[in-house]
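Engineer:
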Amino acid sequence: VQVRGLLSLVEDILDRATLDSDDSNASMLPLPTDDKLMQSSMMSVLDSVSYAIDRVACEIAYKSLTGSDAHEITMSVFEHLSSFHWDGKLVLTLAAFALNYGEFWLLVQFYSKNQLAKSLAMLKLVPVQNRVTLESVSQGLNDLIREMKSVTACVVELSELPGRYITLDDPQLSRIISTIPIAVYWTIRSIVACISQINMITAMGHEMMNTQMDSWETSMLANKLKNIHDHLAETLRLCYRHIEKQRSSESLKMLHSLFDTTHIDNMKILTALIHPKNHTMPLQDGLTKRKVHLDVLRRKTVLLLISDLNILQDELSIFEQIYTESRSSLLGADGKSHMPYEVVWVPIVDPIEDYERSPSLQKKFEALRAPMPWYTVDSPKLVERHVVEFMRERWHFMNKPILVVLDPQGNEASLNALHMIWIWGTEAFPFTRAREEELWRRE
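Heads up, our numbering is the position in the sequence shown plus 82, with the first residue counted as 1.
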């Protein structure tokens, strides 16, 4: 069963089936999309599970009216839905509840506006005239329903995690995943309690009810589900951290492998370093201040100036002076520079979350790159975590500036050519060890 789509529909029903003193809650919610393709897909899902939903709705309603206890009813629901996974069991049961609860409040909300709703409410013994009691009961139910939705959303999200990273072979993950059945049990048991309370309301007719015991039960269940939700939310954080670590490890291995492979140009290498999939123009041209594609570096020697945001202004000034003089000395008759290499500043903020949370770091980055005449990576966020780890492992980057030279095929010509630039400037091109030895011999 496609639980995500079904859950969205169920959440929409439950969000709208909320009563307050002026019936304004439901009317203020945005209307669902009218996408015919999505509706067609949803109808296909419902065709396959509508029988199961109806059966569970009838089972809970009948057994709660005949005096069965909540545990017995919950286990009966598990038996009826034994062929579904845990997330499917939970979403289908929540859908069965939404069917019951949505109809109940639809009649309450339209009782005074629609004769059909009024007649149906009378036939179903919905005590719409006892408004005070309904509002009192609904508040407790709404608190519990909110927790039911939260737990269900977490269970569905956990079920959608990629199986290649989340396996029961890992003892810690195994313990985490083993809590899902408990969460499903208590959420379904809470659904049973809600339906039982609605049945009690209709059974009492228009008489005032003593709801103290039921209010205590819904409050207790809401508190229990909140604790379960908090645990599941922490579980999700742990799982995402584990997945990120696994993916980062895979990406790191692939990056090492990429640098150990021969290429016809440097584009695969540069794309792997500074080109996340959703960012087509990851560079800023230092002269025009326009965003540009990595193609401007194709088949060129590229000098990667890698540093954190604490790079000294004096270092930048000296480097800029050498760069500008070299560029001027290589102007052709056409007025264009014929420099044999391009420089790219690669700003590193590790961890990147510090940058995302700190406006001062963002301003510092903008201030540093503003005067730079060379290319710069458009944001530190474009340098992914595994790339930073790669730079630390392979190029020994330790936050202080380094200048890694990649030849036109993406091969590493030098892991740090800064000292060559300081001493010989452009004369050190192509910045290889052989060129450095040759220059020292001349000295």
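Glycine included, C-beta positions come from ideal geometry on N, C-alpha and C.
Hey, could you find the ends of the beta strand (DSSP E) Ala495 is sitting in?
Structural biologist: Looking at the DSSP string, the run of the beta strand (DSSP E) that includes Ala495 is 494 to 496.
Engineer: Closer than 8 Å is the cut-off here; do at least three beta carbon pairs connect the region 252 to 261 with the region 334 to 351?
Structural biologist: Touching, no.
Engineer: Return the bridge partner residues of Leu385 from the DSSP annotation.
Structural biologist: BP columns for Leu385 point to Val425, Val487.
Engineer: Would the beta-carbon of Ile351 fall within 8 Å of that of Leu488?
Structural biologist: It is a contact, given that the beta carbons lie within the stated cut-off.
Engineer: Quick one: residues in its chain with C-beta nearer than 7 Å to the C-beta of Pro364, no 5 flanking neighbours on either side, listed in chain order?
Structural biologist: Closer than 7 Å at the Cβ level, and outside the excluded window around Pro364, lie Ile356, His357, Leu376, Val459, Asp460, Leu464.
Engineer: Could you check what DSSP says for Tyr457 in three-state terms: helix, strand or coil?
Structural biologist: The answer is strand: DSSP assigns Tyr457 an E or B state.
Engineer: When you compare the CB positions of Leu387 and Leu450, do they come within less than 8 Å of one another, or not?
Structural biologist: No.
Engineer: Per the DSSP calculation, Gln366 is bridged to which residue(s)?
Structural biologist: BP columns for Gln366 point to Lys373, Thr458.
Engineer: Hey, out of Tyr247, Val384, Asn392, whose CA is closest to Arg329's CA?
Structural biologist: Ranking Tyr247, Val384, Asn392 by Cα distance to Arg329 puts Tyr247 first.
Engineer: Using three-state DSSP, classify Lys195 as helix, strand or coil.
Structural biologist: Three-state DSSP puts Lys195 in coil, outside helix and strand.
Engineer: Distance check for Trp168 and Met291, CA to CA, integer angstroms please.
Structural biologist: Low per-residue confidence applies at Met291: pLDDT is 49, beneath 50, and the placement is therefore not dependable enough to give any value.
Engineer: With a 10 Å radius around its C-beta and 16 neighbouring C-beta atoms as the bar for buried, classify Pro422 as buried or exposed.
Structural biologist: It counts as exposed.
Engineer: In this structure, does DSSP put Arg524 in helix, strand or coil?
Structural biologist: In the structure shown, Arg524 sits in a helix (DSSP, three-state: H, G or I).
Engineer: Helix or strand or just coil, what does DSSP make of Tyr528?
Structural biologist: Given a span of 83 to 525 for the chain in the structure shown, any question on residue 528 remains unanswerable.
Engineer: DSSP on Ser304, reduced to helix/strand/coil?
Structural biologist: According to the sequence displayed, residue 304 carries Ala and not Ser. Ala304: helix per DSSP, three-state reduction.
Engineer: Taking C-alpha atoms, which residue in Gln491, Tyr405, Glu448, Ala178 lies nearest to Trp456?
Structural biologist: Considering only alpha carbons, the answer is Tyr405.
Engineer: For Val378, which residues in the same chain have their Cβ closer than 8 Å to its Cβ, ignoring the five residues on either side in sequence?
Structural biologist: So the list reads Leu365, Asp367, Glu424, Tyr457, once near-sequence residues are dropped.
Engineer: Mind reading off the beta-carbon distance from Ser146 to Ile270? Whole number of angstroms is fine, and I expect it under 8 Å.
Structural biologist: Going by Cβ atoms, the distance from Ser146 to Ile270 rounds to 13 Å, so no, they are not a contact pair.
Engineer: Near Ile505, which residues of its chain fall below 7 Å by C-beta distance, leaving aside the five closest residues on each side in sequence?
Structural biologist: Nothing listed; no residue qualifies.
Engineer: Buried or exposed: Tyr133, going by 16 or more other Cβ atoms within 10 Å of its Cβ?
Structural biologist: Exposed, since its Cβ has fewer than 16 Cβ neighbours within 10 Å.
Engineer: Given a cut-off of 8 Å, decide if Ala143 and Asn182 are closer than it, judged by their beta-carbon atoms.
Structural biologist: For Asn182 and Ala143, yes; Cβs fall inside 8 Å.
Engineer: When we look at the beta-carbon of Trp268 and count the other beta-carbons within 10 Å, is it buried (16 or more) or exposed?
Structural biologist: So Trp268 ends up on the buried side.
Engineer: Relative to the alpha-carbon of Asp225, which residue among Arg523, Glu435, Glu299 has its alpha-carbon at the smallest distance?
Structural biologist: Ranking the options by Cα distance to Asp225, first place goes to Glu299.
Engineer: Could you round the C-beta distance between Val138 and Ala199 to whole angstroms and report it? I think they count as a contact, below 8 Å.
Structural biologist: Not confirmed; about 25 Å, so no contact.
Engineer: Just to check my reading of the structure: Asn481 and Asp390 have Cβ atoms closer than 8 Å, yes? What is that Cβ distance to the nearest angstrom?
Structural biologist: That pair is a contact at about 5 Å.
Engineer: Please work out which residues of its chain come closer than 6 Å, Cβ to Cβ, to Gly507, disregarding the five sequence neighbours upstream and downstream, and give them in chain order.
Structural biologist: Closer than 6 Å at the Cβ level, and outside the excluded window around Gly507, lie Ile404, Ser408.
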